[in-house]
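There are 2 protein chains.
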Amino acid sequence: MRRRTDLLSGKPAPERADAARNRAKVLRAAAGLFATRDPRGVTMDEIAKAAGVGRGTLYRRYPDTGSIALALLDEYERDLQERLLRGEPPLGPGAPPGRRLAAFYAAMVGLLEKHGHLVLGAEAGRMRYASGAYGFWHAHVRALLVAGAVPDPDALTDTLLAPLAAEVYLRQRERGLTPGRIAAALARLAEGVLPPE
Amino acid sequence: MRRRTDLLSGKPAPERADAARNRAKVLRAAAGLFATRDPRGVTMDEIAKAAGVGRGTLYRRYPDTGSIALALLDEYERDLQERLLRGEPPLGPGAPPGRRLAAFYAAMVGLLEKHGHLVLGAEAGRMRYASGAYGFWHAHVRALLVAGAVPDPDALTDTLLAPLAAEVYLRQRERGLTPGRIAAALARLAEGVLPPE
DNA sequence: AATCAAGTGGACATTGTGTCCGTTTCTGAC
DNA sequence: GTCAGAAACGGACACAATGTCCACTTGATT
């Protein structure tokens, strides 16, 4: 039997009890480390030590620190994704695209404020685009552009997502900007691209 | 005498002949390496080997590969900076701010197309903001926003520069977008924020 | 309670970093 | 020209982190 799989349903076997326990330990320890020091300096070894598991155990599941950060992020981001799809306007469906984009921006600012350091820990660069979450944001923004009848939405989507890069956001915060001002600036951007009516 | 300096003018002593020779060798070798493989994989050791200099020599001038990439970039960027300050409109002074911003975007797309891989080699993340060049772009965009009487220009500046991150640009290129389409999208962004008159 | 795949953990080889310091090469003075 | 001191050089070294490997343990299944 290859990889203990239910051959009928095709579902993977459930996670073993000790594995689940360790997964939790790892994530908890990693969250602590990422929050404490500069996330980019966190090492696989440290996480293993902090979680009280062996090196090999850690590598079994996560190839590098970035994917651990990503795993943590996914948890946080899922909630926002839900609200985008089925929440109240203007975040959810119902409001005009420009408004929705601005609301999305505001929500993302909230996320970045809380978890920006984590995104940074995900060795942002290329990694970010690999994340499932990025694909989701991309699809969302693109849909809004299409709804707003903007020309060549494909070319604008990544452009409009760029200011949400953690480096950019944290940079702005360091410059002394408040989340509110940043969100306001993004709202103006949204209205500039997707004018009302 | 501390660091062989002209005490009257305060100018640093001229570079020694062997030093200059090695500097050139290093930059040439590094440019080759960065262009060939993934710039993020290039190592200090490799550069030293390729340049035919010792490890210590390399470290004397550059603390890491990122600053070597930055040194190469600075050279390329200086030309554009010149044209922004004193060139013909719409890039240089004279055109309305929206136009100038769009022209700036177009020029940057050109730069990214040629040297995007290098920017990537500069370990983009935080490093980028440390570069003198970034400060320059920032000042330029900010001035345009002020000229256009946009509210809270400080909050918008980094936001508008974000789409010019090398990761974003290269990502778009990988998606199949042409430089032209990307520049056009950026132009629309510029006009959205700085509408004509 | 027996079986065995899945999971564990730490030792190991490897690779890159950054520093240190004895040696070589320049430059300006005489 | 040659001499002296400063600056630059380069490779050896100590260290840190990576990722792999495999003998051992644990948990689910019968």
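Going line by line, the protein sequences match chains A and B.
Note that full-length UniProt numbering numbers the first sequence so that position 58 is 58, with each residue one more than the last.
Note that full-length UniProt numbering numbers the second sequence so that position 108 is 108, with each residue one more than the last.
All C-beta atoms, glycine included, are put in the ideal place defined by N, C-alpha and C.
Just so you know, these numbers come straight off a predicted model, no measurement behind them.
What residues of chain A sit near residue 193 of chain B, judged by a beta carbon separation below 9 Å?
-> Stepping through the second sequence from its first residue, residue 193 of chain B is reached at position 193. Scanning chain A for C-beta atoms nearer than 9 Å to the C-beta of residue 193 of chain B yields 188, 189, 192, 193, reported in chain order.
Residue 39 of chain B classed as buried or exposed, judged by whether at least 16 other C-beta atoms fall within 10 angstroms = The sequence position of residue 39 of chain B within the second sequence is 39, counting from 1. So residue 39 of chain B counts as buried.
From residue 167 of chain B to residue 160 of chain A, what does the alpha carbon distance come to, in whole angstroms?
-> For this step, residue 167 of chain B is matched to residue 167 along the second sequence. For this step, residue 160 of chain A is matched to residue 160 along the first sequence. C-alpha of residue 167 of chain B to C-alpha of residue 160 of chain A: approximately 14 Å in a straight line.
Residue 131 of chain B and residue 70 of chain B: beta carbons closer than 8 Å?
-> One-based indexing of the second sequence puts residue 131 of chain B at position 131. One-based indexing of the second sequence puts residue 70 of chain B at position 70. The Cβ-Cβ distance between residue 131 of chain B and residue 70 of chain B falls below 8 Å.
Residue from B:101, B:123, B:155 with nearest C-alpha to residue 140 of chain B | Here residue 140 of chain B is taken as the residue at index 140 of the second sequence, counted from 1. Comparing Cα positions, the closest option is B:101.
Indicate the three-state DSSP secondary structure (helix, strand or coil) for residue 89 of chain A in the structure shown.
-> Residue mapping note: residue 89 of chain A aligns to position 89 of the first sequence, counting from 1. The answer is coil: DSSP assigns residue 89 of chain A none of H, G, I, E or B.
If you measure from the beta carbon of residue 64 of chain A to each beta carbon in chain B, is any gap under 8 Å?
-> For the purposes of this step, residue 64 of chain A is taken as residue 64 along the first sequence, with counting starting at 1. No, residue 64 of chain A does not count as interfacial toward chain B.
Taking 8 Å as the CB-CB limit, is residue 4 of chain B close to chain A?
-> As a working mapping, residue 4 of chain B is identified with position 4 in the second sequence. The predicted model places residue 4 of chain B with a pLDDT of 44, which falls under 50 and marks its position as unreliable; any figure quoted below should be read in that light. Contact with chain A is absent for residue 4 of chain B, since none of that chain's Cβ atoms lies less than 8 Å from the residue's Cβ.
According to a CB-to-CB cut-off of less than 7 Å, which residues of the UniProt domain "HTH tetR-type" (20-80) of chain B neighbour chain A?
-> Those residues of the UniProt domain "HTH tetR-type" (20-80) of chain B that come within reach of chain A (Cβ to Cβ, closer than 7 Å) do not exist; the list is empty.
Could you check where the alpha helix (DSSP H) with residue 180 of chain A kicks off and where it finishes?
-> As a working note, residue 180 of chain A is residue 180 in the first sequence. In this chain, the alpha helix (DSSP H) harbouring residue 180 of chain A covers 179-193.
Inter-residue spacing [alpha-carbon to alpha-carbon] between residue 67 of chain A and residue 83 of chain B | To locate residue 67 of chain A, count along the first sequence from 1; it is residue 67. To locate residue 83 of chain B, count along the second sequence from 1; it is residue 83. Their Cα atoms are separated by approximately 43 Å.
Can you list the residues of chain B that residue 156 of chain A reaches, using a CB-CB cut of under 8 Å?
-> Here the question's residue 156 of chain A lines up with position 156 in the first sequence. The contacting residues are 185, 188, 189.
State the DSSP-derived secondary structure class of residue 149 of chain B, mapped to helix, strand or coil.
-> Sequence index remark: in the second sequence, residue 149 of chain B carries index 149 (1-based). Coil at residue 149 of chain B, not helix or strand.
Run the CB neighbour count on residue 28 of chain A, radius 10 Å, all protein chains shown included, and call it buried at 16 or more, exposed below.
-> Here residue 28 of chain A is taken as the residue at index 28 of the first sequence, counted from 1. Residue 28 of chain A is exposed by the Cβ-count criterion.
How is the alpha helix (DSSP H) around residue 15 of chain A delimited, first residue to last?
-> Counting from 1 along the first sequence, the entry for residue 15 of chain A is found at position 15. From DSSP, residue 15 of chain A is part of no alpha helix (DSSP H); its letter is neither H nor E.
By the criterion of Cβ-Cβ separation under 8 Å, what are the contact partners of residue 152 of chain A in chain B?
-> One-based indexing of the first sequence puts residue 152 of chain A at position 152. Those are 181, 184, 185, listed as they occur along chain B.
Output the distance between the C-alpha atoms of residue 85 of chain B and residue 36 of chain A, rounded to the nearest integer angstrom.
-> As a working mapping, residue 85 of chain B is identified with position 85 in the second sequence. As a working mapping, residue 36 of chain A is identified with position 36 in the first sequence. Spanning the two alpha carbons is a distance of roughly 43 Å.
What distance in whole Å lies between the Cβ atoms of residue 20 of chain B and residue 47 of chain B, which are believed to be in contact at a cut-off of 8 Å?
-> On the second sequence, position 47 is the one that residue 47 of chain B refers to. On the second sequence, position 20 is the one that residue 20 of chain B refers to. With a contact defined as Cβ atoms closer than 8 Å, residue 47 of chain B and residue 20 of chain B miss out at about 17 Å.
Residue 184 of chain A to residue 128 of chain B, Cα distance in whole Å?
-> Mapped onto the first sequence, residue 184 of chain A falls at position 184. Mapped onto the second sequence, residue 128 of chain B falls at position 128. Taking the straight line from one Cα to the other gives about 25 Å.
Contact with chain A by residue 99 of chain B, beta-carbon distance below 8 Å | For the purposes of this step, residue 99 of chain B is identified with residue 99 of the second sequence, where counting begins at 1. No, residue 99 of chain B does not count as interfacial toward chain A.
Residue range of the unbroken alpha helix (DSSP H) whose run includes residue 59 of chain A = Position 59 of the first sequence, counted from the first residue, corresponds to residue 59 of chain A. Counting along the chain, the unbroken alpha helix (DSSP H) around residue 59 of chain A starts and ends at 55-61.
Residue from B:65, B:57, B:22 with nearest C-alpha to residue 41 of chain B | Within the second sequence, residue 41 of chain B is the residue found at index 41, counting from 1. Nearest of B:65, B:57, B:22 to residue 41 of chain B, Cα basis: B:65.
Mind listing the chain B neighbours of residue 206 of chain A? Cutoff is C-beta to C-beta under 7 Å, in chain order.
-> Limits of chain A in this structure are 1 at one end and 197 at the other, which puts residue 206 of chain A out of reach.
Between residue 55 of chain B and residue 45 of chain B, which are expected to be in contact by the criterion C-beta below 8 Å, what is the C-beta distance as a whole number of angstroms?
-> Within the second sequence, residue 55 of chain B is the residue found at index 55, counting from 1. Within the second sequence, residue 45 of chain B is the residue found at index 45, counting from 1. By a beta-carbon distance limit of 8 Å, residue 55 of chain B contacts residue 45 of chain B. Their separation comes to about 7 Å.
Give the residues of chain B in contact with residue 171 of chain A, contact being defined as C-beta atoms less than 7 Å apart.
-> Sequence index remark: in the first sequence, residue 171 of chain A carries index 171 (1-based). Around residue 171 of chain A, the beta-carbon contacts reaching into chain B at under 7 Å are 129, 158.
Neighbour-count burial assignment, residue 14 of chain A, 16 or more Cβ in a 10 Å radius | One-based indexing of the first sequence puts residue 14 of chain A at position 14. It is exposed - the Cβ of residue 14 of chain A has fewer than 16 other Cβ atoms within 10 Å.
Identify the contact partners of residue 177 of chain B in chain A, using a Cβ-Cβ distance below 8 Å as the criterion.
-> Mapped onto the second sequence, residue 177 of chain B falls at position 177. By Cβ distance, chain A contributes 154, 155.
Under the three-state DSSP convention, the category residue 165 of chain B falls into | As a working note, residue 165 of chain B is residue 165 in the second sequence. Correct three-state label for residue 165 of chain B: coil.
Sort B:92, B:50, B:34 by Cα distance to residue 144 of chain B and report the nearest one.
-> Here residue 144 of chain B is taken as the residue at index 144 of the second sequence, counted from 1. Its Cα nearest to that of residue 144 of chain B, the residue B:92 stands out among B:92, B:50, B:34.
Within 10 angstroms of its Cβ, does residue 16 of chain A collect 16 or more other Cβ (buried), or is it exposed?
-> Looking up residue 16 of chain A in the first sequence gives position 16. So residue 16 of chain A ends up on the exposed side.
According to DSSP, what are the bridge partners of residue 95 of chain A?
-> As a working note, residue 95 of chain A is residue 95 in the first sequence. Bridge partners of residue 95 of chain A: A:93.
Option in A:95, A:52, A:103, A:111 with minimal Cα separation from residue 76 of chain A = As a working note, residue 76 of chain A is residue 76 in the first sequence. Taking only the C-alpha atoms, the option nearest residue 76 of chain A is A:111.
What is the DSSP secondary structure of residue 43 of chain B, reduced to helix, strand or coil?
-> Along the second sequence, read from residue 1 onward, the residue named residue 43 of chain B stands at position 43. Here residue 43 of chain B sits in coil by DSSP.
Is residue 150 of chain A buried or exposed, if buried means 16 or more other CB atoms sit within 10 Å of its CB?
-> As a position in the first sequence, residue 150 of chain A is number 150, starting the count at 1. Counting the other Cβ atoms within 10 Å of the Cβ of residue 150 of chain A gives 16 or more, which makes it buried.
In angstroms, rounded to a whole number, what distance separates the CA positions of residue 173 of chain A and residue 107 of chain B?
-> In the first sequence, the residue the question calls residue 173 of chain A occupies position 173. In the second sequence, the residue the question calls residue 107 of chain B occupies position 107. One C-alpha to the other measures close to 28 Å.
Is it the case that the Cβ atoms of residue 192 of chain A and residue 87 of chain B are separated by a distance below 8 Å?
-> Residue 192 of chain A sits at position 192 when you count from the first residue of the first sequence. Residue 87 of chain B sits at position 87 when you count from the first residue of the second sequence. With contacts defined as CB atoms closer than 8 Å, residue 192 of chain A and residue 87 of chain B fail to qualify as a contacting pair.
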